[in-house]
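K.L.:
Below is the structure I would like to discuss, written out as structure tokens.
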Amino acid sequence: MSENKSNKDDIESTQNDVDVNPKAETSEVHDQQSDEVEDTPEVELSTEERLQQELDAKDDKYLRLFAEFENYKRRTSKERMELFKTASQDVMQAMLPVLDDFDRALLQIKKSEDESLVEGIELINTKLRETLIHRGLEVMSVKEGDAFDSELHEAITQVPSPSEDMKGKIIDVIEKGYTLGDKIIRYPKVVTGK
27 MSENKSNKDD IESTQNDVDV NPKAETSEVH DQQSDEVEDT PEVELSTEER
77 LQQELDAKDD KYLRLFAEFE NYKRRTSKER MELFKTASQD VMQAMLPVLD
127 DFDRALLQIK KSEDESLVEG IELINTKLRE TLIHRGLEVM SVKEGDAFDS
177 ELHEAITQVP SPSEDMKGKI IDVIEKGYTL GDKIIRYPKV VTGK
């Protein structure tokens, strides 16, 4: 009998457990489902927001890359144009001492009495200079009496000025200056008054 009683108690406790558990489980399942239902829109919104943020980030990255590429194209185009303008700079700079020698020789030849020699040399000089001008080489315009500008002229020495109004001005041009396009490739060497 005691066994029956003990079995009966076990059955009742199991039934109580079973009775209690289904209600508890049902309420827990119901709570979880309601939480999931409530969480689901938040998860979808956060997913949408996350996707929107990713899209915005990709758009921003695309725009930055596009702008960077456009700047690159502009910069390389400008560099290419500069290269075309100054591609012959080395050759032109190598020619400058020859031009100086040619000018000195021309001054000496003009003292000669042979007119045909002077005319022939002047013709060659003119043709050479026109060819170089056509290629972009130009003589800088500097003459005695111009104001000295340290950004445009190279002062070799200073001498006492012959008059008060020549102070700080160019007294003599020792060597011509040249530009190639907009770039100065040799500054004129001058003597200034002090």
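Heads up, my numbering is the position in the sequence shown plus 26, with the first residue counted as 1.
Heads up, the beta-carbon is just placed ideally off N, CA and C, and yes, glycines get one too.
On a predicted model such as this, the values are computed, not experimentally measured, just so you know.
1) State the beta-bridge partners of G219 as determined by DSSP.
2) Taking the runs of the alpha helix (DSSP H) that are 4 residues or longer, which of them lie wholly in the stretch 121-190?
3) Please report how far the alpha carbon of E75 lies from the alpha carbon of F92, in whole angstroms.
4) For T73, which residues does DSSP report across the bridge?
5) Quick check: what's the CA-CA separation for M121 versus K209?
6) Hey, G223 and M166: beta-carbon distance below 8 Å or not?
7) List the residues that DSSP assigns as beta-bridge partners of T205.
8) Quick check on G219: buried or exposed, where buried means 16 or more other Cβ atoms within 10 Å of its Cβ?
9) Using 8 Å for Cβ pairs, my map puts K104 next to G162. What's the rounded Cβ distance?
P.N.:
Walking through what the data contain:
1) V185, K193
2) 141-160
3) 25 Å
4) Paired residue(s): none; T73 is not in a bridge.
5) 16 Å
6) Beyond the ends of the chain as shown, which are 27 and 220, falls residue 223; an answer cannot be given.
7) E164, I210
8) buried
9) That belief does not hold up - the Cβ atoms of K104 and G162 are roughly 17 Å apart, past 8 Å.
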